[in-house]
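J.:
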Amino acid sequence: MLPYILRRLMLIIPTLFGIMTLNFLIVQAAPGGPIEQVIAKIHGTDVAATARFGGSAAGETALPGGLNAKISEDASSSRYPGAQGVDPELIKELEHQFGFDQPLYKRFLLMIVHYTEFDFGKSYFRDESVFHLVVSKMPVSISLGLWTTLIVYLVSIPLGIRKAVKDGTPFDVWTSAAIIAGYAIPAFLFAVLLIVLFAGGRYLEWFPLRGLTSDNWSDMDWPHRILDYFWHITLPIVAMVIGGFASLTMLTKNSFLDEINKQYVLTARAKGLSESRVLYGHVFRNAMLIVIAGFPGAFISVLFTGSLLIEVIFSLDGMGLLGFESAINRDYPVMFGTLYFFTLLGLVMNLLGDLAYMLTDPRIDFESR
Numbered sequence: 048m049l050p051y052i053l054r055r056l057m058l059i060i061p062t063l064f065g066i067m068t069l070n071f072l073i074v075q076a077a078p079g080g081p082i083e084q085v086i087a088k089i090h091g092t093d094v095a096a097t098a099r100f101g102g103s104a105a106g107e108t109a110l111p112g113g114l115n116a117k118i119s120e121d122a123s124s125s126r127y128p129g130a131q132g133v134d135p136e137l138i139k140e141l142e143h144q145f146g147f148d149q150p151l152y153k154r155f156l157l158m159i160v161h162y163t164e165f166d167f168g169k170s171y172f173r174d175e176s177v178f179h180l181v182v183s184k185m186p187v188s189i190s191l192g193l194w195t196t197l198i199v200y201l202v203s204i205p206l207g208i209r210k211a212v213k214d215g216t217p218f219d220v221w222t223s224a225a226i227i228a229g230y231a232i233p234a235f236l237f238a239v240l241l242i243v244l245f246a247g248g249r250y251l252e253w254f255p256l257r258g259l260t261s262d263n264w265s266d267m268d269w270p271h272r273i274l275d276y277f278w279h280i281t282l283p284i285v286a287m288v289i290g291g292f293a294s295l296t297m298l299t300k301n302s303f304l305d306e307i308n309k310q311y312v313l314t315a316r317a318k319g320l321s322e323s324r325v326l327y328g329h330v331f332r333n334a335m336l337i338v339i340a341g342f343p344g345a346f347i348s349v350l351f352t353g354s355l356l357i358e359v360i361f362s363l364d365g366m367g368l369l370g371f372e373s374a375i376n377r378d379y380p381v382m383f384g385t386l387y388f389f390t391l392l393g394l395v396m397n398l399l400g401d402l403a404y405m406l407t408d409p410r411i412d413f414e415s416r
């Protein structure tokens, strides 16, 4: 197994390099870079998502890095849309600050070299290192992703097995109706409902509406810290979990039904084995393979894309919101830093998924292939 793990770890390097290269080229070809964002701020035409540079005096605009520029009265030709009327010296200074005065290939190679050292650079607009930003947002995203995935799997797998055993009974019909109804409700809409009902929106005020912990969390003892943490994440987790049962439950049910009807199950029953021994000693190992295969993708999806609206609604500053804002603001260091992190995490999770295959069914041997 060790040689297989080493080969997979070595394959992460070219895979990660290819993904970063492709996305770097796509981003460079996309219109509206960070300099265009600054120009829009100067002209007062920026959108709300990019308005993070702070206030400024009349005729003067606050810019990244403490730059202040006045709009020139002379129109100047520039390769940046909307740059007419902006001092050309400011454009050159911005290009130097953002590194755009370097050739494309040099910027890419420099980025790759720094990334091998986990040096993601500094955010264009937040005046913080990307590494510090990612680390500071990770507790929110990991909390949402880990607890959501764990609860969904802990509920869906036993429920799917029970539905397979009780296939066609009223229990199967009613549980199917319930999970499909939950799947049909968007997570963000259910989150709004939870706020109205339980977070002081109109009726009860049982749960907080903002943050992952209370302001005085550091002053609490550890039992109260744990209770405070779960008190804050209850509603976001419930909102994300509500629609996550359907696909995994039905996948588990169908996998067990497919295995239950096979000859080896009939043989095991004919030998007088108990139903639990048949299900969990023989069927479970084979039926769970397809369920395990989807775990890495499910975890990464919940960790990044699935939590974006939930983070916005519950004022949770996590990785999903960070990645979205960096894409809107064309904050390239943060964009590529989060991409690098999630790509690396996804590749490692795929490796862990394959190892889980072998632990679930020892007959599977990737090394021999």
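Whatever position you read off the sequence shown (first residue = 1), add 47 for the numbering used here.
Beta carbons: idealized from backbone N, C-alpha and C, even for Gly.
Remember, predicted model here, so these are calculated numbers, not experimental data.
So if DSSP puts E252 in a beta bridge, which residue, or which two residues, is it bridged to?
T.: Along the sequence shown, one-based indexing puts residue 252 at 205. Beta-bridge pairing links E252 to A246.
J.: Flag this pair as touching only if the stretch 263-279 and the stretch 289-303 have three or more C-beta atom pairs under 8 Å; answer yes or no.
T.: No: the two stretches stay apart, fewer than three of their Cβ pairs being nearer than 8 Å.
J.: Short of 7 Å in beta carbon distance, which residues of its chain neighbour P380, apart from the five on each side in sequence? Order them along the chain.
T.: Counted from its first residue, the sequence shown places residue 380 at position 333. Once the five neighbours on either side are set aside, the close Cβ partners of P380 are F167, G168, K169, S170, Y171 and V177.
J.: So for S321, helix, strand or coil by DSSP?
T.: On the sequence shown, position 274 is the one that residue 321 refers to. Three-state result, S321: coil.
J.: Kindly list the residues whose CB is nearer than 7 Å to the CB of V285, restricted to its own chain and excluding five residues on each side of it in sequence; keep chain order.
T.: Along the sequence shown, one-based indexing puts residue 285 at 238. Within the same chain, V285 has close Cβ partners L241.
J.: So Y171 is in the alpha helix (DSSP H); what residue range does that whole segment cover?
T.: Position 124 of the sequence shown, counting from 1, holds the residue named residue 171. Run containing Y171: none; DSSP gives neither H nor E here.
J.: Closer than 6 Å by C-beta to I393: which residues in its own chain qualify, once you throw out the five before and the five after it? Chain order, please.
T.: Taking the sequence shown and counting its residues from 1, one reaches residue 393 at position 346. For the record, residue 393 in the displayed sequence is Gly; it is not Ile. Only I347 meet the Cβ criterion.
J.: Expressed to the nearest angstrom, what Euclidean distance is found between the alpha-carbon atoms of K213 and A403?
T.: Counting from 1 along the sequence shown, the entry for residue 213 is found at position 166. Counting from 1 along the sequence shown, the entry for residue 403 is found at position 356. One C-alpha to the other measures close to 28 Å.
J.: Can the beta-carbon of I159 be found less than 8 Å from the beta-carbon of T299?
T.: Counting from one through the sequence shown, the residue named residue 159 turns up at place 112. Counting from one through the sequence shown, the residue named residue 299 turns up at place 252. Not closer than 8 Å, so no.
J.: CB R154 to CB L398, shorter than 8 Å?
T.: For the purposes of this step, residue 154 is taken as the residue at position 107 of the sequence shown. For the purposes of this step, residue 398 is taken as the residue at position 351 of the sequence shown. No, the pair does not count as a contact, with Cβ atoms beyond the cut-off.
J.: Looking only at its own chain, which residues have a Cβ that is under 6 Å from the Cβ of A77, when we skip the five neighbours before and after it?
T.: Within the sequence shown, residue 77 is the residue found at index 30, counting from 1. Excluding residues within five positions, none has a Cβ falling inside 6 Å.
J.: Going by C-alpha to C-alpha distance, which of V395, I339 and L313 sits closest to L197?
T.: Position 150 of the sequence shown, counted from the first residue, corresponds to residue 197. The shortest C-alpha separation from L197 is found at I339.
J.: Using only the alpha-carbon positions, how far apart do L356 and P135 sit?
T.: Along the sequence shown, one-based indexing puts residue 356 at 309. Along the sequence shown, one-based indexing puts residue 135 at 88. Cα to Cα, the separation comes out at about 40 Å.
J.: If you follow the alpha helix (DSSP H) that I66 is part of, which residue opens it and which one closes it?
T.: Along the sequence shown, one-based indexing puts residue 66 at 19. Its alpha helix (DSSP H) spans residues L49 to A76.
J.: With distances taken from CA atoms, which of L295, G319 and A246 is nearest P283?
T.: Here residue 283 corresponds to residue number 236 of the sequence shown, with the count starting at 1. Nearest C-alpha to P283: A246.
J.: For S223, which of helix, strand or coil comes out of DSSP?
T.: As a working note, residue 223 is residue 176 in the sequence shown. S223 falls in the helix class under three-state DSSP.
J.: Quick one: using the 10 Å Cβ neighbour count with 16 as the cut-off for buried, is L406 buried or exposed?
T.: What you label residue 406 is simply residue 359 of the sequence shown in a count that begins at 1. Exposed is the call here.
J.: Which residue wins for smallest C-alpha separation from D364, given the options I280, A315, L244 and E142?
T.: Numbered from 1 along the sequence shown, position 317 holds the residue referred to as residue 364. Selected option, being the one with the closest Cα: I280.
J.: List the whole-angstrom C-beta distance separating S354 from L191, where the pair is believed to meet the contact cut-off of C-beta under 8 Å.
T.: For the purposes of this step, residue 354 is identified with residue 307 of the sequence shown, where counting begins at 1. For the purposes of this step, residue 191 is identified with residue 144 of the sequence shown, where counting begins at 1. Right, their Cβ atoms sit about 5 Å apart.
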